[in-house]
Amino acid sequence: MGRAPARIEVTSRLRWVRLDQMKVNPQAQRVLDRAWADELARDFDPDLMGFIHVSLRDGWYYIVDGQHRRDAAMTFLGSDQQVQCHVYEGLTCAQEAELFLELNRTKRQGPMGRYKVALTAGKPVETDIDRIVRALGLQIGANPALEEIGCVTTLVGVYRKHGPGSLGFALRVIRDTYGYDGFKREPIAALALIKDRYGDGIDEARLASRLARKGLVELRRAAKSMREATGNPADQCYAHTMVAFYNRGTGKRIDPWWNLGAVGGGAS
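Numbering (our numbering), first residue to last: 478 to 745.
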């Protein structure tokens, strides 16, 4: 049985802190959900708000947990009012992020929020994923206008299952083939499967060229058709379709996907 992850050991003391002396560290906090903060403000009760957790450094109280309650309190009470807080001292930015994870371990969080905080906390998987993505000139985030990759659950899952090499291969091929529109779960997972199975036996440049020639719309259509016909998992159907595209035309072919004993694969 694996050893339980180490928990950060810190102590705090209760102190009254002015709301306008608090700051949010965007690297260690989720993005403020304005609708949720406004809802808290409408039904705000100072006696029920609980304690905000803050980290005192550089003369400011950085919010570790409670930014929505603080925002609601500022709306209801005014920014010059004081509230009781758990105050920690001597924490680094990474330790603040780690403490946030500990305090929110049982709370529902979005995948992107957890990823960002884990990255700031220096978690090895998220840190290496960030390295891989940045090395390819890409970025992770939730802003489509900036063409940020938003499927962090897929990135983490592929990294853990297939390793950094296969993840890098998948992102590189999609970048060179489809661009931003291709950074979705099925294409990423399928390309990682292909790299795992064929290794250096597949020509990356040729694969990118063949996929670009067929286009993302045709890939989705063909993979969907294969899934409906066989009932196989979506990532397997995408992998099958990509390999079929790769083998069309001139050049050395690789073995078809289904004929290599893929789970549930019976089509050729």
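We put the beta carbon where it would ideally sit given N, CA and C, even for glycine.
Assigned secondary structure, residue i (DSSP; H/G/I helix, E/B strand, else coil)
i, result
"Arg495", "strand"
"Asp522", "coil"
"Thr488", "coil"
"Val531", "strand"
"Ile617", "strand"
"Ile626", "strand"
"Ile665", "helix"
"Trp537", "strand"
"Val501", "strand"
"Asp680", "coil"
"Asp542", "strand"
"Lys729", "coil"
"Trp734", "coil"
"Gly645", "helix"
"Val650", "helix"
"Leu670", "helix"
"Val508", "coil"
"Gly634", "helix"
Residue i versus residue j: straight-line alpha-carbon distance, rounded
i, j, result
"Met526", "Arg546", "7 Å"
"Tyr723", "Lys729", "10 Å"
"Leu737", "Ile731", "Confidence is the limiting factor: at Leu737 the pLDDT is only 43, short of 50, which leaves the residue's position unreliable, though a coordinate-based value still follows. Cα to Cα, Leu737 sits roughly 11 Å from Ile731."
"Gly742", "Pro733", "Residue placement at Gly742 cannot be trusted, given a pLDDT of 42 that sits under 50; what the coordinates show is reported in the next sentence. Between Gly742 and Pro733, the C-alpha separation is close to 11 Å."
"Arg495", "Ala550", "11 Å"
"Gln504", "Thr718", "40 Å"
"Arg490", "Tyr565", "7 Å"
"Pro601", "Ala699", "37 Å"
"Gly642", "Gln498", "45 Å"
"Ser686", "Gly656", "13 Å"
"Ala739", "Asp653", "Only weak support exists for where Ala739 lies, its pLDDT of 43 falling under 50; the coordinates are left without a value."
"Asn709", "Leu696", "16 Å"
"Leu596", "Thr604", "5 Å"
"Ser702", "Ala711", "10 Å"
"Gly567", "Gln561", "19 Å"
"Leu688", "Phe528", "54 Å"
"Asp680", "Ala706", "29 Å"
"Ile609", "Phe646", "10 Å"
"Lys638", "Gln506", "27 Å"
"Arg704", "Arg725", "20 Å"
"Lys500", "Pro523", "20 Å"
"Gly676", "Arg611", "23 Å"
"Asp515", "Gly678", "56 Å"
Of the residues the options, the one placed nearest residue i, counting alpha carbons only
i, options, result
"Gln559", "Gln713, Gly640, Arg492", "Arg492"
"Leu648", "Pro733, Leu613, Asp515, Arg674", "Leu613"
"Val487", "Asp653, His563, Thr727, Gly587", "His563"
"Ala622", "Asp658, Leu509, Gln498, Ala667", "Asp658"
"Ala598", "Thr630, Thr569, Gly587", "Thr569"
"Asp651", "Ala512, Leu693, Glu579", "Here residue 651 turns out to be Ile, not Asp, going by the sequence shown. Comparing Cα-Cα distances from Ile651 to each of Ala512, Leu693, Glu579, the minimum goes to Leu693."
"Gly627", "Ile606, Asp515, Arg674, Val720", "Ile606"
"Leu509", "Phe528, Asp548, Pro523, Ile529", "Asp548"
"Trp513", "Val531, Ile679, Gln544", "Gln544"
"His530", "Phe577, Arg507, Arg608", "Phe577"
"Phe660", "Leu644, Arg511, Cys714, Val720", "Leu644"
"Asn581", "Val610, Asp542, Arg611", "Asp542"
"Gly587", "Gly678, Lys638, Asp673, Thr630", "Thr630"
"Arg662", "Gln713, Val720, Trp735", "Gln713"
"Gly640", "Asp677, Lys672, Ser532, Glu624", "Lys672"
"Arg674", "Arg608, Glu579, Trp735", "Trp735"
"Asn502", "Asp515, Ala716, Ser532", "Ser532"
"Thr727", "Tyr715, Gln506, Arg683", "Arg683"
"Arg690", "Arg611, Glu579, Ala721", "Ala721"
"Ala716", "Glu579, Lys500, Leu670", "Leu670"
Residue i beta carbon near the ligand COA (any heavy atom closer than 8 Å)
i, result
"Ser643", "The ligand COA is absent from the structure shown, which contains no ligands of any kind."
Cβ contact (3+ pairs, closer than 8 Å) linking the region 528-540 and the region 508-519: The answer is no - the region 508-519 does not touch the region 528-540, with fewer than three Cβ pairs under 8 Å.
Any 3 or more C-beta pairs closer than 8 Å across the region 551-559 and the region 571-580: No, because fewer than three Cβ pairs between the region 551-559 and the region 571-580 fall closer than 8 Å, the two stretches do not touch.
Contact between the region 585-600 and the region 616-633 (3+ Cβ pairs under 8 Å): yes
Uninterrupted beta strand (DSSP E) stretches inside the region 552-605 (no shorter than 3 residues): Within the region 552-605, the complete beta strand (DSSP E) runs of at least 3 residues are 559-566.
Cβ pair count under 8 Å reaching 3, the region 665-680 against the region 628-641: With a cut-off of 8 Å, the region 628-641 and the region 665-680 count as touching, because enough Cβ pairs lie within range.
Contained alpha helix (DSSP H) runs [length at least 4] in the region 686-718, N- to C-terminal order: Listed in chain order, the complete alpha helix (DSSP H) runs (minimum 4 residues) inside the region 686-718 are 693-707.
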